[in-house]
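See below for the structure under consideration.
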Amino acid sequence: MRFAPFLSLFAAFLLAALPMPSSIVAFKPDWVALTMIYWTLTAPPAFGLVSALVIGLALDTLTGSLLGQHALGLLLLVYVCGRFRLRLRAFPVVQSTLVVAALLAVNEFLLLWIDGIAGRTVPIGERWPPIASGTLLWLVVWSTFDRGREHAPARL
Amino acid sequence: MGAPGTPSKGLVSGVGSLGVRFLLLAVAACALMVVDHRTSRLQSAREALSFVVYPVQMLVDAPPRAWRWAKTTLAERRELLAENERLKREQLHASAKLQRLDALEAENRRLRELLDSTGRLSDRVLVAEILAVDMDPYRQRFNVNRGAIDGAYVGQALLDANGIVGQIVNVAPMTSEAVLITDADHAVPVIVTRNGLRTIAVGTGDSSRLRLPYLTNSSDIEVGDLLLSSGLGGVFPAGYPVGRVIEVRRRPGQSFADVIAEPAAALDRDREVLLVWTGDKDLPGLTDGDDSAAPEAGIDAGVPAIDSATTDADESEPAQVADIRGAL
Chain H
313 MRFAPFLSLF AAFLLAALPM PSSIVAFKPD WVALTMIYWT LTAPPAFGLV SALVIGLALD
373 TLTGSLLGQH ALGLLLLVYV CGRFRLRLRA FPVVQSTLVV AALLAVNEFL LLWIDGIAGR
433 TVPIGERWPP IASGTLLWLV VWSTFDRGRE HAPARL
Chain X
1443 MGAPGTPSKG LVSGVGSLGV RFLLLAVAAC ALMVVDHRTS RLQSAREALS FVVYPVQMLV
1503 DAPPRAWRWA KTTLAERREL LAENERLKRE QLHASAKLQR LDALEAENRR LRELLDSTGR
1563 LSDRVLVAEI LAVDMDPYRQ RFNVNRGAID GAYVGQALLD ANGIVGQIVN VAPMTSEAVL
1623 ITDADHAVPV IVTRNGLRTI AVGTGDSSRL RLPYLTNSSD IEVGDLLLSS GLGGVFPAGY
1683 PVGRVIEVRR RPGQSFADVI AEPAAALDRD REVLLVWTGD KDLPGLTDGD DSAAPEAGID
1743 AGVPAIDSAT TDADESEPAQ VADIRGAL
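Chains H and X are the protein sequences, given in the same order.
Just so you know, the first sequence maps onto residues 313 to 468 in our numbering.
Just so you know, the second sequence maps onto residues 1443 to 1770 in our numbering.
Encoded structure:
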């Protein structure tokens, strides 16, 4: 159980690197970002800001983006989730899903923006399906694990 | 480490509140990006991080690798015999062509000596396997299983059996990251074999299309024209097929024609590619024994195109190449 965050993060990296058929690759959610959000909300000591930076740099190496690009996005996600953790956990499922959708959109926009500044050509339309799939995934995961969480003693 | 909500832990926890730490780290990330974008000083950091990422890449690549291994191991004897037969036939054809090529090569060398142009060096190649690892889906990048220890270098050209595939943009010790010629940010200088017209083929983001945006409406370009790499720019060796023109649209209102070409290489079907060392780079000690000299006809590795003395050779080249291709 102590290693669950790290194992799931490793799995998220594997999923991020897994080749998918071209028909569904556009809907590939940002696995690493979702995993980081989940563990920041449920088990706060799991990932902090420094580990978000390091994990982001590893993701940058994997995807071949600028060093620091994903790191900045993950830093923002972990910061916002850490800062408003108690409030987000108290939210009902639908509301927390909306917040996560907004966070994913901001993350995606940040990546797109940096690509634009760095002068890399990126099709803008293909940036948004992953947010939809990520939000849907969050809704399923959060509503499934929510029940268990309510009975468990809250780790504050 | 530095967890939000538990300020007693972590590397920079002493610095201040969560917000301050976030700002510091975000500035650090931005600074990293700027340095990475402007310079190549972070190459060693990338190499270090690649050791973290390497197990992920290997694990993801393992099932396809196992599947290929199982397929060859469990293949039926009949299929193997048929394949063997086919390969023998192809080998016969290839060696027959090669005999012609030897003569042409000798002739070419003699003519070049007459023209007093720089001697040509043959290219050395090394087979690399493409890792089945998905990278940024918005750009056409891939990893190959050869890295710095195999002698790969940034800017190295990648070929397959049919033509130019792309070039290496990042080198880690065990793997390298490469970009396809059809990536939206990639361009390759080409020459039209039919008339020697020089232009640039730009990627579109679609692995079956290249764009030739710098041809005017009056340019002599037709559907079916073969595009070879021109060697200008110094990245790609000259004379390898890049693509074939499949669409030319001239619109009277605009000064440039819309020209679309199809890449010669099987960009989305390749499993193996060839790393090419052109003449002026140091060759690695290890070359897998398959240092097959590519057809001499178009290889211009030793001749930098900027040199004015070589322009004659460049002009006369397409005709030779076309002749040879016609003869084969």
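Where is the CB? At the ideal position from N, CA and C, for every residue including glycine.
Inset, instruction - Step through the CB atoms of chain H and report whether any lies within less than 8 Å of the CB of residue 1602 of chain X. - result: With a threshold of 8 Å between beta carbons, residue 1602 of chain X makes no contact with chain H.
Inset, instruction - Give the DSSP-derived three-state secondary structure of residue 1624 of chain X in the structure shown. - result: It is coil, neither helix nor strand.
Inset, instruction - Determine which residues of the stretch 1471 to 1502 of chain X have a Cβ less than 7 Å from any Cβ of chain H, and write them out in chain order. - result: Per Cβ criterion, the list reads 1471, 1472, 1474, 1475, 1478, 1479, 1484, 1487, 1488, 1491, 1492, 1494, 1495, 1498, 1499, 1501 and 1502.
Legend entry - Coil, strand or helix - residue 1683 of chain X by DSSP: Residue 1683 of chain X sits in a strand when the DSSP states are folded into three classes.
Inset, instruction - Mind checking the stretch 1567 to 1587 of chain X against chain H and listing, in chain order, the residues whose C-beta falls within less than 8 Å of any C-beta there? - result: Those residues of the stretch 1567 to 1587 of chain X that come within reach of chain H (Cβ to Cβ, closer than 8 Å) are 1574, 1575, 1576, 1577, 1578, 1579, 1580, 1581 and 1583.
Legend entry - Contact check, residue 1678 of chain X vs residue 1613 of chain X, beta carbons under 8 Å: The criterion of a C-beta distance shorter than 8 Å is not satisfied by residue 1678 of chain X and residue 1613 of chain X.
Inset, instruction - Just mark residue 381 of chain H as buried or exposed, buried being the case when its beta carbon has 16 or more other beta carbons within 10 Å. - result: With 16 or more other Cβ atoms from the protein chains shown falling within 10 Å of its own Cβ, residue 381 of chain H counts as buried.
Inset, instruction - Determine the contact status of residue 1699 of chain X and residue 1687 of chain X, defining contact as a CB-CB distance below 8 Å. - result: Inclusion of residue 1699 of chain X and residue 1687 of chain X in the CB contact set at 8 Å is not warranted, their separation being larger than that value.
Legend entry - DSSP three-state assignment for residue 323 of chain H, whether helix, strand or coil: In the structure shown, residue 323 of chain H sits in a helix (DSSP, three-state: H, G or I).
Legend entry - Rounded C-alpha distance that separates residue 1464 of chain X from residue 1480 of chain X: Approximately 24 Å between the Cα atoms of the pair.
Inset, instruction - Would you kindly work out how many angstroms separate the C-alpha atoms of residue 1585 of chain X and residue 374 of chain H, rounded to a whole number? - result: Within the model, the alpha-carbon separation for residue 1585 of chain X versus residue 374 of chain H is close to 10 Å.
Legend entry - residue 1783 of chain X: contacting residues in chain H (beta-carbon distance under 9 Å): Outside the shown range of chain X, which is 1443 to 1770, sits residue 1783 of chain X, and nothing can be said about it.
Legend entry - DSSP three-state assignment for residue 445 of chain H, whether helix, strand or coil: Per DSSP, reduced to three states, the secondary structure at residue 445 of chain H is helical.
Legend entry - Per-residue DSSP class, three states only, for residue 1452 of chain X: Its pLDDT being 46, under 50, residue 1452 of chain X is placed unreliably in this model, and the coordinates cannot settle the point.
Inset, instruction - Determine which residues share a DSSP beta bridge with residue 1570 of chain X and list them. - result: BP columns for residue 1570 of chain X point to X:1715.
Inset, instruction - Report back the beta-carbon spacing between residue 379 of chain H and residue 1488 of chain X to the nearest angstrom; my notes put them in contact at under 8 Å. - result: Under the criterion of beta carbons closer than 8 Å, residue 379 of chain H and residue 1488 of chain X qualify as touching, at roughly 7 Å.
Legend entry - Own chain partners of residue 1656 of chain X with C-beta closer than 8 Å, once the 5 adjacent residues on each side are dropped: Excluding sequence neighbours, residue 1656 of chain X sits near 1641, 1642 and 1698.
Inset, instruction - With 7 Å as the limit, tell me which residues of the stretch 1630 to 1654 of chain X have their beta carbon closer than that to any beta carbon of chain H; keep them in chain order. - result: For the stretch 1630 to 1654 of chain X, which is checked against every Cβ of chain H, the residues closer than 7 Å are 1647.
Inset, instruction - In angstroms with no decimal places, state the Cα-to-Cα distance between residue 1578 of chain X and residue 362 of chain H. - result: Cα to Cα, residue 1578 of chain X sits roughly 24 Å from residue 362 of chain H.
Legend entry - residue 1651 of chain X vs residue 1620 of chain X beta-carbon contact at 8 Å: Not closer than 8 Å, so no.
Legend entry - Pairwise C-alpha distance: residue 1592 of chain X and residue 1676 of chain X: Take the alpha-carbon of residue 1676 of chain X and the one of residue 1592 of chain X: they are about 21 Å apart.
Inset, instruction - Starting from the beta carbon of residue 1460 of chain X, find every residue of chain H whose beta carbon is closer than 8 Å, and list them in chain order. - result: What residue 1460 of chain X touches in chain H: 361, 391, 394 and 395.
Legend entry - Inter-residue spacing [alpha-carbon to alpha-carbon] between residue 421 of chain H and residue 1681 of chain X: For residue 421 of chain H and residue 1681 of chain X, the distance between alpha carbons rounds to 42 Å.
Legend entry - Contact with chain X by residue 325 of chain H, beta-carbon distance below 8 Å: Yes, contact with chain X.
Legend entry - Short Cβ contact (8 Å threshold) for residue 1607 of chain X with residue 1600 of chain X: Yes, Cβ-Cβ distance for residue 1607 of chain X and residue 1600 of chain X is below 8 Å.
Inset, instruction - Determine the direct distance from the alpha carbon of residue 344 of chain H to that of residue 414 of chain H, and round the result to whole angstroms. - result: Straight across, the Cα-Cα distance linking residue 414 of chain H with residue 344 of chain H is about 16 Å.
Legend entry - Opening and closing residue of the alpha helix (DSSP H) in which residue 408 of chain H lies: For residue 408 of chain H, the enclosing alpha helix (DSSP H) starts and ends at 405 to 429.
Legend entry - Reference residue 1701 of chain X; option with closest CA among X:1707, X:1471 and X:1692: Checking every option, the nearest Cα to that of residue 1701 of chain X belongs to X:1692.
Inset, instruction - Mark residue 1544 of chain X as exposed unless 16 or more other C-beta atoms lie within 10 angstroms of its C-beta, in which case mark it buried. - result: Exposed: under 16 other Cβ atoms inside 10 Å.
Inset, instruction - Output yes if chain X places a C-beta closer than 8 Å to the C-beta of residue 449 of chain H; else output no. - result: Not closer than 8 Å to any Cβ of chain X, the Cβ of residue 449 of chain H fails to qualify, so no.
Inset, instruction - Would you kindly report the start and end of the unbroken alpha helix (DSSP H) that includes residue 1598 of chain X? - result: Boundaries for residue 1598 of chain X: no alpha helix (DSSP H) harbours it, and the DSSP string shows neither H nor E there.
Legend entry - Cβ of residue 1507 of chain X within 8 Å of any chain H Cβ: For residue 1507 of chain X, not one C-beta of chain H is nearer than 8 Å to its own C-beta.
Legend entry - Range covered by the beta strand (DSSP E) that runs through residue 1611 of chain X: Membership of residue 1611 of chain X in the beta strand (DSSP E) is indicated by the continuous run 1606 to 1613.
Inset, instruction - Could you confirm whether any beta carbon from chain H is found closer than 8 Å to the beta carbon of residue 1746 of chain X? - result: Summary for residue 1746 of chain X: the model assigns pLDDT 37, below 50, so the residue's position carries little reliability, and this model does not support an answer.
Inset, instruction - Could you tell me the distance, in whole angstroms, from the CA atom of residue 394 of chain H to the CA atom of residue 353 of chain H? - result: Whole-angstrom Cα-Cα distance: 7 Å.
Inset, instruction - Measure the Cβ-Cβ separation of residue 1633 of chain X and residue 1672 of chain X and say whether it is below 8 Å. - result: Less than 8 Å separates the beta-carbon of residue 1633 of chain X from that of residue 1672 of chain X.
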